[in-house]
Amino acid sequence: MIQVTIVGGGAYGTKIAEKYKKFDNVKIRAVISRSKPKSDIFFGIPFIKSGAKWKNNFGRPGKNDVFDLCVHQNILLEVLNNLIHIGAKNFILPKPVALHKKELDSIQKLTTRYGLEIAVASQWHYSDLIKKVGKFLEKNKNKISQVDIVFSRPFDSYRKSVYNSKTSFLPHIIQILHDLKLIRDKSNPIIESVSDEQIKIKYSENKLIHAESNIAENKKTEVLKIFLNKGKEPSLVADFSGILGPKGFITLPKVIVGNKETEIKEDVLEKMIEKNIHYFEKPDLKFDILTLEKYLPVARQIIRTIDNSKKVVGIIGSGIFGILTALEMAKNGYSVIVFEKEKEIMTGASLVNHGRIHMGYHYPRDKETVIQSLKAKTPFETFFGKSIIKKINNHYMVAKEGSLTSHKDFLSFCKKMNLPYKISWPSDLKISKEKIAVSVKVPETIFDANRTKDFLLKKVAKANNITLLTNSPVVGLKKNNEGFTVNYGSDNRDGITNCAALVNATYGAINHINNLLGLPLQTFQYELCEILVTSTPWKNVGWMIMDGPFFSAMPFGYSKNHLFYDVELSVLERVVGKFPNFKYGIDYYNTKKRREERFNQYQDKWAPWIGELKNYKHLHSMYIPRIVLHKAEKTDKRPTMVDELIPGFWQIFSGKIATSVPVAIEIGNKIHKFLQRKA
């Protein structure tokens, strides 16, 4: 007869003891627990406080002695070692067995060294429900498009102090997915969100699998759904949440296929115990038992999931800088979460700008901006390919009067910085040449913001390990032991997740995000800017009059329209401070009457330079709160800067958009090194 010693007299140990008492071929020899169990189920069973005292009472464990460990994961290895020390050989270990590779390696070494026989307690592994779902999957293996599995239940404060989302239901979920052959030994789990109360993961190798473990939901849910042929409704629903009362089942686990519902009447714990008893009665015979050896792929998958959950990278802001950084981190194998407060990506400064891929002509008074722009041009153009418009007649013109840079100094600056140019006048533009000291044609290109957006969305969709959360403004940030806790709003409800590293790529909201972490705030110059979208007869013509209170026009990507900008008139408001506290919002300025009044001002100011402007039509305006360095008027410098404000938290101050490609690589390398050091 098998003699079982239950190690741990808590809720699970009590439940297991009750099940063991139903079997005639097993005897509960003792219960080892730090404190005396309260349940009557242990009445008459010797209560012992340690393995050493067990040995004092019963001597060295025999071949029929089995120790069923019903203890918490954080003391499992310690308890196992103590029992091995008294000569125990036969064990039943609870999932997840190990949370770290080092723990799992230690248990494997102990098993080999001492010749241990170990079974793993996993009730669903033996369930008829799993077998029924498995047959359905085998029959439809080429039709499966998506699988969703959710295990959730409200935990009280005590249980939350003992378990979290990774140690509660996640081991069950991964065991089920593995038993159903939906994931493989080396499948890579992507973390969609993670906190103490909830973890969402996905697999997207051959089919899309979503899994969630949640200990904060009000409703108990233990459901697996299988979708075939990309259908919107599940073809199979497996409900694991049967309830067993004192007098039998209150509700039964069931499988629903189409309109047919099949209830599964089985006590999965009893079935598991029966299998384990048979195994220890005849360990040399081949039973379908979840031994430690068979469980190892599941254990490694759990550990891989936990490890990945500790290396989630959060990107706040989904402009070009944010998305490119997300892609770079995804390329390095990390799970990435992008938080965006708007409904779509690239609605801010990445869209509302001239689209010019700067080479530096614009900044004759700041060498740093020129050097950054030149280095960034080729990587940006190479990456974005068809989004780049290269065939453009682009001209810079220096005004005879009012320019902060003379035409001689401008040409000297171009030569010094190796900026190519050709003295030439823009075609199709009736410019008052008498007002211009010099006009040069330059090889600067532009990008189409809408094509760039579509290109990036496809890249994000292809990168399976990026979770893009739109309509999700970050409303709270807190430093924690493993990184940062991020609170965010969404359409349905508020969300929370942990991130090991964070990147603030919000441009105009840099201080707002930093303030949530209590970081020191910088003083910036905020400018509420308007760019006019205008219908003109020009084709692929771009021009700018510089260097002062002048104006420019650039093609609006591949469209037939042009973008007008005036150094004075396009800045609707300007404030210096920690936040963009403008007097009026965009709605105030974006009325038909005010737009028409401002366009008339453009026409009046530009008319002496470009008389034909009177015939052009203003279509609509785009607005953006622009952020520039305070007290930079002398040089007009616009550098891109990456700073790690505190360990694991980076800020991108974005100057020129073209620098986004090299900056993404730079910050990707920094985060990778940071996470490696942390690991």
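Heads up: the sequence shown is residues 1 to 679, going by UniProt numbering.
Even glycine gets a Cβ: it sits at the ideal position worked out from N, Cα and C.
Under DSSP, the beta strand (DSSP E) around residue i begins and ends at which residues?
{"i": "VAL440", "result": "436–442"}
{"i": "ASP148", "result": "144–152"}
{"i": "PRO662", "result": "Unbroken run through PRO662 is the alpha helix (DSSP H), 660–678; no beta strand (DSSP E)."}
{"i": "SER213", "result": "208–214"}
{"i": "ASN90", "result": "90–94"}
{"i": "ILE32", "result": "26–32"}
{"i": "ILE201", "result": "198–203"}
{"i": "THR221", "result": "221–228"}
{"i": "HIS261", "result": "Correcting the residue identity first, residue 261 is Glu in this sequence and not His. Unbroken beta strand (DSSP E) run through GLU261: 260–263."}
{"i": "VAL338", "result": "336–339"}
Determine which residues share a DSSP beta bridge with residue i and list them.
{"i": "GLY476", "result": "ASN487"}
{"i": "MET546", "result": "VAL398"}
{"i": "SER535", "result": "ASN561, LYS617"}
{"i": "ALA500", "result": "The partner list for ALA500 (beta bridge, DSSP) is empty, contrary to what the question assumes."}
{"i": "PRO61", "result": "Looking at the DSSP assignment, PRO61 forms no beta bridge with any residue, so it has no partner."}
{"i": "TYR526", "result": "VAL575, ILE627"}
{"i": "ASP68", "result": "ILE6, ILE92"}
{"i": "ASP566", "result": "PHE551"}
In this structure, does DSSP put residue i in helix, strand or coil?
{"i": "ASN615", "result": "helix"}
{"i": "GLY10", "result": "coil"}
{"i": "TRP650", "result": "strand"}
{"i": "THR467", "result": "strand"}
{"i": "ASN393", "result": "strand"}
{"i": "SER193", "result": "strand"}
{"i": "GLU117", "result": "strand"}
{"i": "LYS141", "result": "coil"}
{"i": "GLY385", "result": "helix"}
{"i": "VAL171", "result": "In the sequence as displayed, the identity of residue 171 is Pro instead of Val. The answer is helix: DSSP assigns PRO171 an H, G or I state."}
{"i": "LYS109", "result": "helix"}
{"i": "THR369", "result": "helix"}
{"i": "ALA376", "result": "helix"}
{"i": "GLN3", "result": "strand"}
{"i": "PHE42", "result": "helix"}
{"i": "GLU644", "result": "strand"}
{"i": "PHE136", "result": "helix"}
{"i": "ASP185", "result": "coil"}
Would residue i be called buried (16 or more neighbouring beta carbons within 10 Å of its own) or exposed?
{"i": "GLY231", "result": "exposed"}
{"i": "LYS95", "result": "buried"}
{"i": "MET641", "result": "exposed"}
{"i": "ILE423", "result": "exposed"}
{"i": "TYR114", "result": "exposed"}
{"i": "ILE671", "result": "buried"}
{"i": "MET346", "result": "buried"}
{"i": "ALA88", "result": "buried"}
{"i": "GLY518", "result": "exposed"}
{"i": "GLU212", "result": "buried"}
{"i": "LYS200", "result": "buried"}
{"i": "ILE646", "result": "exposed"}
{"i": "GLU444", "result": "buried"}
{"i": "PHE380", "result": "buried"}
{"i": "TYR608", "result": "Correcting the residue identity first, residue 608 is Pro in this sequence and not Tyr. When all chains shown are included, PRO608 counts as exposed."}
Hey, quick one: how far does the alpha helix (DSSP H) through residue i stretch, first residue to last?
{"i": "SER412", "result": "407–416"}
{"i": "ALA461", "result": "449–462"}
{"i": "TYR584", "result": "No alpha helix (DSSP H) holds TYR584; DSSP gives it neither H nor E."}
{"i": "THR305", "result": "292–309"}
{"i": "SER552", "result": "Where SER552 is concerned, there is no enclosing alpha helix (DSSP H), although the beta strand (DSSP E) it sits in stretches over 551–555."}
{"i": "LEU269", "result": "268–281"}
{"i": "ASP572", "result": "Residue identity differs from the one stated: residue 572 is Leu in this sequence, not Asp. Where LEU572 is concerned, there is no enclosing alpha helix (DSSP H), although the beta strand (DSSP E) it sits in stretches over 571–577."}
{"i": "PHE599", "result": "592–606"}
{"i": "GLY322", "result": "320–331"}
Using a Cβ-Cβ cut-off of 7 Å (strictly less than) and excluding sequence neighbours within five positions of residue i, which residues of its own chain qualify?
{"i": "GLN146", "result": "LYS207, LEU208, PHE227"}
{"i": "GLY476", "result": "ASN487, LEU516"}
{"i": "GLY242", "result": "PHE249, THR251, LEU252, PRO253"}
{"i": "ARG595", "result": "HIS618, SER621"}
{"i": "ALA299", "result": "PRO96, VAL97, ALA98, LEU104"}
{"i": "ILE277", "result": "ILE2, PHE23, ASN25, VAL26"}
{"i": "GLN522", "result": "ASN511"}
{"i": "GLY489", "result": "SER472, PRO473, VAL475"}
Only counting the same chain, and skipping five residues up and downstream in sequence, which positions put a Cβ closer than 8 Å to that of residue i?
{"i": "ALA664", "result": "PHE321, LEU324, THR325, LEU327, GLU328"}
{"i": "LYS202", "result": "PRO189, ILE190, GLU192, LEU208, ILE209, HIS210, ALA211, ASN464"}
Go through its chain and collect everything with a Cβ distance to residue i's Cβ below 6 Å, but skip five positions before and after it.
{"i": "PHE410", "result": "PRO364, VAL398"}
{"i": "GLU644", "result": "TRP650"}
{"i": "HIS407", "result": "VAL398, ALA437, VAL438"}
{"i": "GLY9", "result": "VAL31, SER33, PRO37"}
{"i": "PHE564", "result": "LEU532, THR534, ALA553"}
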